[in-house]
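*Asks:*
Residue numbers (the numbering used here), protein chains in the order written: chain H, 3 to 172; chain B, 1051 to 1089.
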């Protein structure tokens, strides 16, 4: 896969009072992810070509992908494919990059969601709603040891756009 | 209104009222951000 073909569709930056090592650990281990990411357990084989999976609380695979770039604790790029019927076939793979930089005594975390083709705004509304919640909760967890409790449903406009494309949703 | 080019959201464990108050008077414990005065 040539990642040069992927263009950023969503870029989200947040500053966290933490260390790059702790942010990296929070992004790559189930111990942390289950607390800030709606109970999803991240399992990452941290080498190029390694497997990346996020399991739902019932053990089913919700997101699956492959590690494309791995430079701990600075940069992680993975394919991030939601396991909904026909999604990857219709929309192509999704690429997610986490960039971690020191910013004074804090850490600057940047999330980049990229695609190799134009994606409709209605479909991107899911990520635009979800990423700020996930990363705000990660920030709270690292800074206060308590993740946020955020109740949200997928955007209706996203569900309707996926349905029009014949992509199944739970 | 022009089409937005940049939108930023964050989630904070607080109430709308407390957030509003904080926007009026930044508490002394707020993180120090030096060298940036806005666009």
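Yeah, the Cβ is synthetic: ideal placement off N, Cα and C, and Gly gets one too. All values reported here derive from a predicted model rather than from experimental measurement.
Give the interface partners of residue 35 of chain H over in chain B, defined as CB-CB distance under 7 Å, in chain order.
*Replies:* What residue 35 of chain H touches in chain B: nothing, since even the nearest Cβ is about 17 Å away.
*Asks:* So what does residue 10 of chain H bridge to, in DSSP terms?
*Replies:* DSSP, once it has assigned bridges, lists H:116 as partnering residue 10 of chain H.
*Asks:* When the Cα of residue 167 of chain H is compared with those of H:88, H:15, H:23, H:69, which residue comes out closest?
*Replies:* Among H:88, H:15, H:23, H:69, the Cα nearest to that of residue 167 of chain H is on H:88.
*Asks:* Report the residue from H:78, H:124, H:80, H:14 whose alpha carbon sits nearest the alpha carbon of residue 135 of chain H.
*Replies:* Minimum Cα distance to residue 135 of chain H is reached at H:14.
*Asks:* Among H:91, H:150, H:163, which residue has its Cα nearest to the Cα of residue 36 of chain H?
*Replies:* When each option's Cα is compared against that of residue 36 of chain H, the closest is H:150.
*Asks:* Name the chain H residues whose beta carbon is nearer than 8 Å to that of residue 1055 of chain B?
*Replies:* Ordered by position in chain H, no residue passes the 8 Å Cβ test against residue 1055 of chain B, which lies about 12 Å from the chain.
*Asks:* Going by beta carbon distance, what residues of the same chain come within less than 8 Å of residue 159 of chain H, once the five residues before and after it are set aside?
*Replies:* Cβ neighbours of residue 159 of chain H beyond the five flanking positions: 124, 127.
*Asks:* Helix, strand or coil for residue 146 of chain H? Go by DSSP, reduced to three states.
*Replies:* Helix at residue 146 of chain H.
*Asks:* Please determine, among H:30, H:69, H:78, H:33, the residue with the shortest C-alpha to C-alpha distance to residue 53 of chain H.
*Replies:* Of the listed residues, the one whose Cα sits closest to residue 53 of chain H is H:69.
*Asks:* Would a C-beta distance cut-off of 9 Å place residue 16 of chain H and residue 97 of chain H closer than the cut-off?
*Replies:* Their beta carbons are not under 9 Å apart, which means residue 16 of chain H does not touch residue 97 of chain H by this criterion.
*Asks:* Whose C-beta lies closer than 7 Å to the C-beta of residue 44 of chain H among residues of the same chain, with five residues either side of it excluded?
*Replies:* Counting only Cβ-Cβ distances below 7 Å, and skipping sequence neighbours, we find 30, 31, 32, 35, 56.
*Asks:* At the level of alpha carbons, what is the spacing between residue 90 of chain H and residue 1071 of chain B?
*Replies:* So the two alpha carbons sit approximately 45 Å from each other.
*Asks:* Assign residue 109 of chain H to buried or exposed, taking buried as 16 or more other Cβ atoms, counted over all protein chains shown, within 10 Å of its Cβ.
*Replies:* By the neighbour-count rule (16 or more Cβ atoms within 10 Å), residue 109 of chain H is buried.
*Asks:* Should the segment 75-86 of chain H be called in touch with the segment 18-29 of chain H, which here means at least 3 C-beta pairs below 8 Å?
*Replies:* Flag = yes, the segment 75-86 of chain H and the segment 18-29 of chain H touch.
*Asks:* When you compare only the Cα positions, how much space is there between residue 172 of chain H and residue 85 of chain H?
*Replies:* So the alpha carbons of these two residues sit roughly 10 Å apart.
*Asks:* Count the other CB atoms within 10 Å of the CB of residue 9 of chain H; is the residue buried (16 or more) or exposed (fewer)?
*Replies:* Answer is exposed; the Cβ neighbour count stays below 16.
*Asks:* Which bits of chain B does residue 150 of chain H rub up against, with CB to CB less than 7 Å?
*Replies:* Near residue 150 of chain H (Cβ distances below 7 Å), the residues of chain B are 1061, 1063.
*Asks:* Beta-carbon of residue 1071 of chain B versus every beta-carbon of chain H: anything under 9 Å?
*Replies:* Chain H contact via Cβ: absent.
*Asks:* Helix, strand or coil, according to DSSP, for residue 48 of chain H in the structure here?
*Replies:* Coil at residue 48 of chain H, not helix or strand.
*Asks:* Against chain B, does residue 135 of chain H count as a neighbour if the rule is that its beta carbon must be under 9 Å from one of theirs?
*Replies:* Yes, residue 135 of chain H counts as interfacial toward chain B.
*Asks:* Determine the chain B residues that contact residue 138 of chain H at a beta-carbon separation under 8 Å, and present them in chain order.
*Replies:* Near residue 138 of chain H (Cβ distances below 8 Å), the residues of chain B are 1060, 1061, 1062.
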